[in-house]
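Undergrad: Please see the structure below; I have some questions.
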Amino acid sequence: MKDEINNGTAATGAGGPADQRLAEGEQETTLTDRQGHPITDNQNIRTIGNRGPSTLENYHFLEKISHFDREKIPERVVHARGAGAHGYFEAYGKVGEEPVAKYTRAKLFQEAGKKTPVFVRFSTVIHGVHSPETLRDPRGFAVKFYTEDGNWDLVGNNLKIFFIRDPLKFPDMVHAFRPDPVSGVQNMERMFDFLSNSPEATHMVTFLFSPWGIPANYREMQGSGVNTYKWVNANGEGVLIKYHWEPIKNGIRNLTQNEATEIQGKNYSHATQDLYEAIERGDYPEWELSVQILSDDEHPELDFDPLDPTKLWNHEKFPFLPVGKMVLNKNPENYFAEVEQASFGTGVLVDGLDFSDDKLLQGRTFSYSDTQRHRVGTNYLQLPVNAPKKHVATNQRDGQMTYFVDRAPGQNPHVNYEPSSLGGLQEAPPRGREHEPAYNAKLVREKIDRPNDFGQAGDTYRKFEPWEKDELISNLVNNLKICKPVIRDKMVEYFTRADAEYGRRVAEGLDKAIASSEHMGTAQNPEGAGKAEQAGRKTDGY
C-alpha cells in the first residue's frame, strides 16, 4: 500500500513527471497536457479544412495558450519593453483611387480628412522590460483607434511576416527564444533548436538576422498587421486585407550589429528617448497606412496560401493602396498609466472590419484579450488609455478594481441581463448585411496544402543589397556556431533550399568560425563574461 501511495495511487500523490504510470504506447518523454492526455499533434490546431477557421473546442490549444498568457506577473509575457505616444489618423476617403466604401463600411475610412484619435505602443517582443532597445528582435507596432463605433486595435510588428503559422506553436516558440529556465541566460542554441524543427520560420529568420532585425528607432520603422484580415462592405461582401504602415518623413533605417553594439554601450533606451524628444520638439512622426486587397478565396494560382502569415503578398502584383496617414503629436503624461497599462487585442474590430480564417490570427484573438484580463485586470477597459471614447453600456458587472458600473441612463438597475422586458439594454440595429462565409470541409488537424517554406526566403535573400547579405551571413554564423551539428546542419539545409548561395555562404562561414573557435556556449555572453573577468580590478573589502 505504501508503494502505491508513493507511486501516485492516492490522490495526495497523483500525477506529475515523476509518476511512472504510462498509457499504452507512452514513454517518459511523451508530451502530455496537464490533464495527462498524450498529445499526438502539437503543431496544428483543429480547423474546418486545413485553411481554417478554427473551432472553440480546441481544448489543448486553449489550455496551452491560456497558461502561457499567465506565465509572467505583471510584466507582459511578450512585448514587455515599450514606448508609446498619442496622435490621430486622417483618412483619405479612398483606397488607392477607388471609393473606400466599395470594400468596407468602416466609418473611420469613409470621409476624406476625417480624424480619429489613436494611441500607439512600440515594443520589442522577447526581452524584458529593462532590456536594451538595440537587441535583435521583432518590434511590436500596435495602434489603438478610438473610433466613433468604439475601439479598433491593429496589433502587428515591424516585419510583415512571422515565424509560425499555427498558434499552437506560439508558447513553445517564445519559450525557446527567452532565457534558459535553469540558468536564466539566453542561449541561441535553444532558439535555433526550435527554428531548425520549424522550416516555415526560414523566411522570418532571413529577415530577423539581416539589418531588418534591428530598426534604428521607432520613428523610422515600418509596421504591419502581419495577419490577413477582411474588409466588409454594406452588402456583406468581404475581401482579404493586409495592413502596412510606411514612415513618411525619413524612410526606413536599420542598424548593423556593430552599430547596435556601439549604441547599446552608451544608451539602452535610445529608441524610447528618440521618440519622446522628437515629439517634444515638434518633429511629429508620420506613417501612411496602405492595404493590399485580394478576393476572399483560396487563390490556387499562387504558390502559397494568402492566409499564411509566413508569406508576403508580392506588392508588384498586389499593390499597396493608401487609405490614410497617422501623426503622433503628444507624449504620454505618465508612462505607467498609459504605455504600461495600454492593452491591445487582435479581436478588437469595428463594423466593416472582420477576421479571416488565418489560424494564427484566430489564436492571437483569444490570447491577447485573455492576457490583458490577467495582467491588468478584469476591468482593464475602464482605464482611460483603454476605454473607448464613446458611450458604453454593458451587462458586465463587478470584478477586481471595478471603477464604475456600465449602466445606461434610464436602465433598470435591477436588470443586468438581456433580453428583458423590464427596462434592460437592447440590441443595436444592424449596420449592413452580415458577412457569411460558407464552409464545407472536415474538422482536421493538418497544416495548409501549400506551405512552400523556402521559396520566399530565397526571394528575400536575393533582393537584399550586398551589404545586407554580408550582415545576414555574419549574424547567422556568429549565432549558429555555438549550436550542435544537428541544428547547424538543418539550418544550412533550409538556407540552401531557399537559395544555393545563401546556404553555401552560411556553411563556409560556419566551417571557418568553428575551426577557430575555442568556446562553445551562448554566442555573445561568454565573450562579455570573460572580458569582465579579465578586465575587472581587484580591491580590498570594506
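So the sequence shown is numbered by the numbering used here: it starts at 6 and just counts up by one.
Every residue gets a Cβ at the ideal spot worked out from N, C-alpha and C, and that includes glycine.
(1) Quick check on Phe182: does DSSP put it in helix, strand or coil?
(2) With distance defined between alpha-carbon atoms, name the residue in Asp475, Arg86 and Thr233 nearest to Asp142.
(3) Over what stretch of residues does the alpha helix (DSSP H) that includes Glu513 continue unbroken?
(4) By DSSP, does His524 sit in helix, in strand, or in coil?
(5) Hey, how far is the Cα of Arg144 from the Cα of Asp279?
(6) Would a C-beta distance cut-off of 9 Å place Pro314 and Leu358 closer than the cut-off?
(7) Determine the direct distance from the alpha carbon of Tyr466 to that of Ala505, and round the result to whole angstroms.
(8) In terms of residue numbering, what span does the beta strand (DSSP E) encompassing Phe146 cover?
(9) How many whole angstroms separate the CB atoms of Pro204 and Asp458, which I take to be in contact at a CB cut-off of 8 Å?
(10) Along the chain, which unbroken stretches of the beta strand (DSSP E) at least 3 residues long are found entirely within the stretch 152-228?
(11) At the level of alpha carbons, what is the spacing between Gly514 and Glu264?
(12) With distances taken between CB atoms, is the gap from Asp552 to Thr376 smaller than 9 Å?
(13) Taking the beta strand (DSSP E) that Asp279 falls in, what are its first and last residues?
(14) Relative to the C-alpha of Thr277, which candidate in Leu213, Val344 and Lys235 has its C-alpha closest?
(15) Within the chosen definition, does the stretch 315-323 reach the stretch 347-358 through at least 3 CB pairs nearer than 8 Å?
(16) Taking just the CA atoms, how far does Asp516 sit from Leu485?
(17) Spell out the partners DSSP gives His249 in its beta bridges.
(18) In terms of residues, what are the limits of the beta strand (DSSP E) holding Trp236?
(19) If you draw a straight line from the alpha carbon of Phe150 to that of Gly541, how long is it in whole angstroms?
(20) Buried or exposed for Leu333, please, with buried defined as at least 16 other CB atoms from any protein chain shown within 10 angstroms of its CB.
(21) Can at least three beta-carbon pairs, one atom from the stretch 225-234 and one from the stretch 300-308, be found at a separation below 8 Å?
(22) Within 10 angstroms of the Cβ of Glu194, are there 16 or more other Cβ atoms? Answer buried if so, exposed if not.
(23) Can you tell me the Cα-Cα spacing of Pro184 and Met178, whole angstroms?
(24) Would you grab the beta carbon distance between Lys335 and Glu291 for me? Rounded to a whole angstrom, and I think it's under 8 Å.
(25) Excluding the 5 residues preceding and the 5 following Asp171 in the sequence, name in chain order all residues of the same chain whose CB lies nearer than 8 Å to its CB.
(26) Going along the chain, which residues of its own chain have a beta-carbon closer than 6 Å to the beta-carbon of Gly98, five neighbours each way excluded?
(27) Measure the alpha-carbon distance for His524 versus Cys488 and round it to whole angstroms.
(28) Looking at Ala181 and Leu200, is the spacing between their C-beta atoms short of 9 Å?
(29) Check for me: the beta strand (DSSP E) holding His91 runs from which residue to which?
(30) Over the uninterrupted beta strand (DSSP E) stretch that includes Thr465, give me the two end residues.
(31) Do you know offhand how far Ile519's Cα is from Ala512's?
(32) Assuming Thr52 contacts Pro58 under a Cβ cut-off of 8 Å, what Cβ separation, rounded to an integer in Å, is found between them?
(33) Alpha carbon to alpha carbon, how far is Asp8 from Arg26?
(34) Between the alpha carbons of Thr60 and Glu68, how many angstroms are there, rounded?
(35) Hey, how far is the Cα of Gly546 from the Cα of Ser128?
(36) Distance, Cα to Cα, Thr109 vs Arg286?
TA: Walking through what the data contain:
(1) The residue labelled residue 182 in the question sits at position 177 within the sequence shown. Looking at Phe182 - three-state DSSP - the assignment turns out to be helix.
(2) The sequence position of residue 142 within the sequence shown is 137, counting from 1. The residue with the shortest Cα to Cα distance from Asp142 is Arg86.
(3) As a working mapping, residue 513 is identified with position 508 in the sequence shown. Looking at the DSSP string, the run of the alpha helix (DSSP H) that includes Glu513 is Ala505 to Ala520.
(4) Taking the first residue of the sequence shown as 1, we reach residue 524 at position 519. With a pLDDT of only 49 at His524, under the threshold of 50, the placement of this residue in the model should not be trusted, and no figure is reported.
(5) The sequence position of residue 144 within the sequence shown is 139, counting from 1. The sequence position of residue 279 within the sequence shown is 274, counting from 1. Each residue's alpha carbon lies about 15 Å from the other.
(6) Along the sequence shown, read from residue 1 onward, the residue named residue 314 stands at position 309. Along the sequence shown, read from residue 1 onward, the residue named residue 358 stands at position 353. For Pro314 and Leu358, no; Cβs fall outside 9 Å.
(7) Numbered from its first residue, the sequence shown carries residue 505 at position 500. Numbered from its first residue, the sequence shown carries residue 466 at position 461. Going by the C-alpha atoms only, they are around 11 Å apart.
(8) Start at 1 with the first residue of the sequence shown, and residue 146 comes out as number 141. Start and end: Arg144 to Thr152.
(9) Residue 204 sits at position 199 when you count from the first residue of the sequence shown. Residue 458 sits at position 453 when you count from the first residue of the sequence shown. 4 Å between Cβ atoms; contact.
(10) 155-162
(11) To locate residue 514, count along the sequence shown from 1; it is residue 509. To locate residue 264, count along the sequence shown from 1; it is residue 259. Approximately 21 Å, taken between the alpha carbons.
(12) Lying outside 6 to 547, the shown extent of the chain, residue 552 is not represented and no answer is given.
(13) Indexing the sequence shown from 1 puts residue 279 at position 274. No beta strand (DSSP E) contains Asp279, which is instead part of the alpha helix (DSSP H) from His275 to Glu285.
(14) Counting from one through the sequence shown, the residue named residue 277 turns up at place 272. Measuring from the Cα of Thr277, the nearest candidate turns out to be Val344.
(15) no
(16) Residue 485 sits at position 480 when you count from the first residue of the sequence shown. Residue 516 sits at position 511 when you count from the first residue of the sequence shown. Each residue's Cα considered, the two are about 11 Å apart.
(17) As a working mapping, residue 249 is identified with position 244 in the sequence shown. Ser229 and Ser295, per the DSSP bridge assignment.
(18) Here residue 236 refers to the residue found at position 231 of the sequence shown. First-last of the beta strand (DSSP E) with Trp236: Tyr234 to Val237.
(19) Locating residue 150 in the sequence shown gives position 145, where the first residue counts as 1. Locating residue 541 in the sequence shown gives position 536, where the first residue counts as 1. About 51 Å.
(20) What you label residue 333 is simply residue 328 of the sequence shown in a count that begins at 1. Buried is the call here.
(21) no
(22) Locating residue 194 in the sequence shown gives position 189, counting from the first residue. Result: buried.
(23) Within the sequence shown, numbered from 1, the residue matching residue 184 stands at position 179. Within the sequence shown, numbered from 1, the residue matching residue 178 stands at position 173. Distance between the alpha carbons of Pro184 and Met178 is about 12 Å.
(24) The residue given as residue 335 occupies position 330 in the sequence shown. The residue given as residue 291 occupies position 286 in the sequence shown. With 8 Å as the limit, Lys335 and Glu291 do not qualify as a contact, their Cβ atoms being about 14 Å apart.
(25) By one-based count along the sequence shown, residue 171 stands at place 166. Here the set comprises Gln48, Asn49, Ile50, Lys364, Leu365, Gly368 and Lys452.
(26) For the purposes of this step, residue 98 is taken as residue 93 along the sequence shown, with counting starting at 1. Only Glu116 and Ala117 meet the Cβ criterion.
(27) The residue given as residue 524 occupies position 519 in the sequence shown. The residue given as residue 488 occupies position 483 in the sequence shown. Below a pLDDT of 50, predicted positions are generally treated as unreliable, and His524, at 49, falls in that range; the measurement from the model is reported next regardless. Cα to Cα, the separation comes out at about 11 Å.
(28) If you number the sequence shown from 1, residue 200 lands on position 195. If you number the sequence shown from 1, residue 181 lands on position 176. Yes, the pair counts as a contact, with Cβ atoms nearer than the cut-off.
(29) Numbered from 1 along the sequence shown, position 86 holds the residue referred to as residue 91. Counting along the chain, the beta strand (DSSP E) containing His91 begins and ends at Gly87 to Ala96.
(30) As a first step, residue 465 is located in the sequence shown; it is residue number 460 there, counting from the start. Careful: Thr465 lies outside any beta strand (DSSP E), inside the alpha helix (DSSP H) at Gly460 to Lys468.
(31) In the sequence shown, the residue the question calls residue 519 occupies position 514. In the sequence shown, the residue the question calls residue 512 occupies position 507. Using only the alpha carbons, I get a separation of about 10 Å.
(32) Locating residue 52 in the sequence shown gives position 47, where the first residue counts as 1. Locating residue 58 in the sequence shown gives position 53, where the first residue counts as 1. That belief holds up - the Cβ atoms of Thr52 and Pro58 are roughly 6 Å apart, short of 8 Å.
(33) By 1-based counting over the sequence shown, the position of residue 8 is 3. By 1-based counting over the sequence shown, the position of residue 26 is 21. Because Asp8 carries a pLDDT of 48, less than 50, the predicted location of this residue cannot be relied on, and no value is offered for it.
(34) Here the question's residue 60 lines up with position 55 in the sequence shown. Here the question's residue 68 lines up with position 63 in the sequence shown. In a straight line, the C-alpha of Thr60 is about 14 Å away from that of Glu68.
(35) Residue mapping note: residue 546 aligns to position 541 of the sequence shown, counting from 1. Residue mapping note: residue 128 aligns to position 123 of the sequence shown, counting from 1. Roughly 41 Å separates the two Cα atoms.
(36) Mapped onto the sequence shown, residue 109 falls at position 104. Mapped onto the sequence shown, residue 286 falls at position 281. Cα to Cα, Thr109 sits roughly 37 Å from Arg286.
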